[in-house]
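Take the numbering used here: the last position of the sequence shown gets the number 1150, and nothing is skipped along the way. Structure first, commentary second.
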Amino acid sequence: MTFNLHEDQPEDSPNSWEKRRDLCISVITSYSPMILCTQQGVKSQLDYLQQGLPGYDQFGVSRKGPQDTSDEHCTIFYDKEKLKGVEPPGFSFQVVNTNMDEFSPRARRRSALLTWQHIASLPPSLPVVYCGGFNTQKESTTGRFLLGRSREHGVVGDMRDVWPNARVRKNMSLIRTYHGFKGDKQGALEFLKLIFRALCLCWDRQTQDLHIDWILFRGRSLIPVLCEVVSDNMDGYYPSSHYPIFAEFLLPRTLRHVALSYGNMGSSQSPFVALSTKPPSLFDEFGYGDSMKGDSLSVKVNKLTSTKTQLPYSYYSLPYCQPEHIVDSAENLGEVLRGDRIENSPYVFKMREPQMCNVLCRKILDKKSAKAFKEKINDEYRVNMILDNLPVVVPIRRPDQENAVVYQHGFHVGLRGQYAGSKEEKHFIHNHLTFTVKFHKDPLADTARIVGFEVKPFSVKHEYEGEWNEKTRLTTCDPHAKRAVTSSESPQEVEEKNEIIFTYDVEFQESDIKWASRWDTYLLMADDQIHWFSIVNSLMIVLFLSGMVAMIMLRTLYRDISKYNQLETQEEAQEETGWKLVHGDVFRTPTNSDLLCVYVGTGVQFFGMILVMMIFALLGFLSPSNRGGLMTAMLLLWVFMGLFAGYSSARLYKLFKGTEWKKITLKTAFTFPATIFAIFFVLNALIWGQKSSGAVPFGTMFALVLLWFGISVPLVFVGSYIAFKKPAIEDPVKTNKIPRQIPEQAWYMNPAFSILIGGILPFGAVFIELFFILTSIWLHQFYYIFGFLFIVFVILIITCAEITVVLCYFQLCSEDYQWWWRSYLTSGSSALYLFLYAAFYFFTKLEITKPVSGVLYFGYMLIVSYAFFVLTGTIGFYACFWFTRLIYSSVKID
């Protein structure tokens, strides 16, 4: 890790060293780097770090020399238990730490040249890592020289940048490493630039041109596995004005020695130290590398969730045991919108080292704390934890199947019931956790990878002898006596002034499950037969409709067109009845044509978003292991599909002889998103009123608005501009000046009746899959059967198209030419059935009791139904649009 500590600030400054020094230590310990390269640290800062990092040794000099203690140092800390320094030439690899001049480009070039001359003097096969504060961009003269893209005094560097070469990169949206203690709260223009660069699907690795803190490397034996811009903070306060950079490398197991030497190079301070020889254990949010026995495993806590309230809360909203400093993990857009609040915890494991009855802390409940625990127990809240990017699960055996296990995500805060003959119902807290960490061992090395994370919660009223102190031994569980907690222990009641002792056990269990398959356990489908039944049922509907369409196209239309084309006199034509009689009105501009154009364009935007998202999901890019990835992808795809929305609405608007293209473009860009955003804002205000972590912060709301106004709206204008530059679509027949009178329709051709009938079959094609989707969303289960979902989506498209074509044909045969809106509403009416089914699901499957939670449910389902209406309506419209143009271009019109 390279970490610019930033010089001390005045005591009254919010960013003084005294106010952020503990956060610095907390961030460092959460990553546990074997090598920590620091810059701009003065003696007092470094001494405090040394006290807070007892497992580390340090060395380095001030830029004024070894005797100086007042100026900036470029000091390296290293894990003294895992590394040992040796003098050259006995070392096998080397690390260079530097802090270049921030004002003079010439000084930086000279520093880079001097450092490179040292690196070049080493054997080419020797692995070297070069990190620190370069105070310039990688496309500068200094950066290009070190990366081998330009010459300096006749020589060229051959370093490589870890960032674009790492297998895993974290926080790609942070395009700068210097933020001036502001984090990502930059100006509006720079923030928009940041979002565009970070979220663009065509991301170019070389665009990270605002990084001034780098980690470079040389040597084929060095394999960069991970690189992360560390943005950890505590309530918006940052440990430094620079983001630290964290990297991990895979090294040959033959490397065993490290170098400890340093040199002072003018304005560049460059001590040298070697890198870790340990095979990497990736930062725990990725779950990627190997861990050796004894390696630290940090458990992170996520939100508290309940299916009864649907209101998530931060883990530390309850008075649980806390670490010395609570550090928020960086979250992507989807995680924030989901209400995730991932934070560090006091739970620390050692790889493959079992622990028994570890005491976490002791709490005496006050009235407020007892009330908070009771409320969460009543609402059946569950605690969610994460280890190595795996969520904790509770294994439950299915009584109907032998050896079958179902996994529930998270464990209950507590339980409610009667105990010891008492008729009064009491609240008991789960204060003892027995964790089981499953690992898959590498047969060729003493390393392992985590493949499972399970927990069994217990409620235990712990007992002990004498007065409580740090060395007190419990009698209810004792590692020395090998007495473990069992379910027969007296439970811990939640009441005011009660003492609660939180403890945990850790067991390690070797597993045959390989790391690549570890998520399969979480995603097992127990209802695949139901999915296949749903698909077969939907295919039967499709075949039925396809038969009707085929009959219309191959028999009725062929016969009608042949008959119409053979008519010899105008009198004979007038005697005919059917769809040909309305040829002079069938392409007449409908009422509210502007609104139709807007909804068609929005539907195309939705269709493109869902289609691309399905493809990404089928290819495995949207795995549940990428927490929040699905929602982030949906938002980004929606934004970029604005191009097609503008194009589609403008093409249709020009067909209707519209001329005010800017007006229709603005309506397309704002009508649907503004409606959704208004509903979302009201719902978010309700969540905010409940003090739930599910409330989207105003900063994220501002980011959403920037995505909307900064990317989506301009793309809608671009698409509209392209469409208006193209010639208008020509109708196959001319439209009469005087509208034809529509004859009285049969009862079954009444618009309301036919529209409602038309929505039944599209809904019937998806309602079984809809059940599983609703269960996934509202009962907090994983949904990862995108293969089934894609098949159902294709069936939905075909069903919407065919039912609309059939009903459109019957409508035209009854001499009703007002098909434009009817075609949209026919398939779009399936959204009404979706909303009604959502209401049925609410009253039959959910146990939501709070009024606010009910409003949230129906508010979100209203948004989903509205989007479904736009999507299915657009599919039906284009099917009917194609159908009418096809049949009327196939007959002779005098």
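Backbone N, C-alpha and C fix where the C-beta goes; we use that ideal spot for every residue, glycine too.
Distance CB(residue i)-CB(residue j) smaller than 8 Å
| i | j | result |
| --- | --- | --- |
| residue 704 | residue 691 | no |
| residue 558 | residue 642 | yes |
| residue 1112 | residue 935 | no |
| residue 1085 | residue 1020 | no |
| residue 797 | residue 1055 | yes |
| residue 579 | residue 949 | no |
| residue 364 | residue 325 | no |
| residue 1132 | residue 1073 | no |
| residue 384 | residue 375 | yes |
| residue 759 | residue 665 | no |
| residue 466 | residue 393 | yes |
| residue 846 | residue 1077 | yes |
| residue 1083 | residue 1002 | no |
| residue 583 | residue 503 | no |
| residue 287 | residue 313 | no |
| residue 1174 | residue 276 | As shown, the chain starts at 257 and ends at 1150. That puts residue 1174 outside it, with no answer to give. |
| residue 589 | residue 1060 | no |
| residue 901 | residue 975 | yes |
| residue 259 | residue 480 | no |
| residue 592 | residue 952 | yes |
| residue 932 | residue 1119 | yes |
| residue 1038 | residue 779 | yes |
| residue 925 | residue 968 | yes |
| residue 794 | residue 1058 | no |
| residue 472 | residue 387 | yes |
| residue 488 | residue 585 | yes |
| residue 841 | residue 995 | yes |
Where residue i sits in the DSSP three-state scheme
| i | result |
| --- | --- |
| residue 724 | coil |
| residue 1031 | helix |
| residue 588 | coil |
| residue 994 | coil |
| residue 693 | strand |
| residue 1069 | helix |
| residue 793 | helix |
| residue 456 | Residue placement at residue 456 cannot be trusted, given a pLDDT of 40 that sits under 50; what the coordinates show is reported in the next sentence. Residue 456: coil per DSSP, three-state reduction. |
| residue 892 | helix |
| residue 749 | strand |
| residue 672 | strand |
| residue 853 | helix |
| residue 547 | strand |
| residue 517 | Bear in mind that the predicted position of residue 517 carries a pLDDT of just 41, short of 50, making it too unreliable to give a figure here. |
| residue 940 | helix |
| residue 738 | coil |
| residue 775 | helix |
| residue 913 | coil |
| residue 1106 | coil |
| residue 295 | strand |
| residue 1064 | helix |
| residue 717 | coil |
Cβ separation of residue i and residue j, assumed to be a contact under 8 Å, to the nearest whole Å
| i | j | result |
| --- | --- | --- |
| residue 685 | residue 611 | Contact flag wrong, Cβ pair sits at about 21 Å. |
| residue 354 | residue 331 | Going by Cβ atoms, the distance from residue 354 to residue 331 rounds to 12 Å, so no, they are not a contact pair. |
| residue 261 | residue 297 | 4 Å |
| residue 620 | residue 755 | 6 Å |
| residue 316 | residue 356 | That pair is no contact at about 16 Å. |
| residue 711 | residue 732 | Not quite, the Cβ-Cβ distance comes to about 19 Å (not below 8 Å), so this is no contact. |
| residue 637 | residue 669 | 5 Å |
| residue 743 | residue 714 | 7 Å |
Requested in this report: Would you be able to state if there are at least three C-beta pairs under 8 Å between the stretch 1030 to 1037 and the stretch 979 to 995?
Outcome: no
Query raised in the report: Using 8 Å as the Cβ pair cut-off and three pairs as the minimum, do the stretch 561 to 574 and the stretch 619 to 636 touch?
Result: yes
Requested in this report: Please confirm if the stretch 598 to 616 is in contact with the stretch 890 to 897, defined as three or more CB-CB distances below 8 Å between the two stretches.
Outcome: no
Query raised in the report: With a cut-off of 8 Å, do at least 3 Cβ pairs link the stretch 556 to 570 to the stretch 848 to 861?
Result: no
**Report entry** Complete alpha helix (DSSP H) runs within the stretch 576 to 664 (minimum length 4 residues, chain order)
**Finding:** 589 to 594 and 623 to 634
Report task. Please determine if the stretch 481 to 491 and the stretch 420 to 436 are in contact, where contact requires at least 3 C-beta pairs separated by less than 8 Å. Result -> yes
Report task. Mind listing, in chain order, the continuous beta strand (DSSP E) runs of no fewer than 3 residues lying wholly within the stretch 948 to 992? Result -> none
Query raised in the report: Can you give, in chain order, each stretch of the alpha helix (DSSP H) that sits fully within the stretch 371 to 442 and has at least 4 residues?
Result: 397 to 402 and 418 to 421
Query - beta strand (DSSP E) segments (min. 3 residues) lying fully within the stretch 276 to 328 - result: 291 to 295 and 312 to 315
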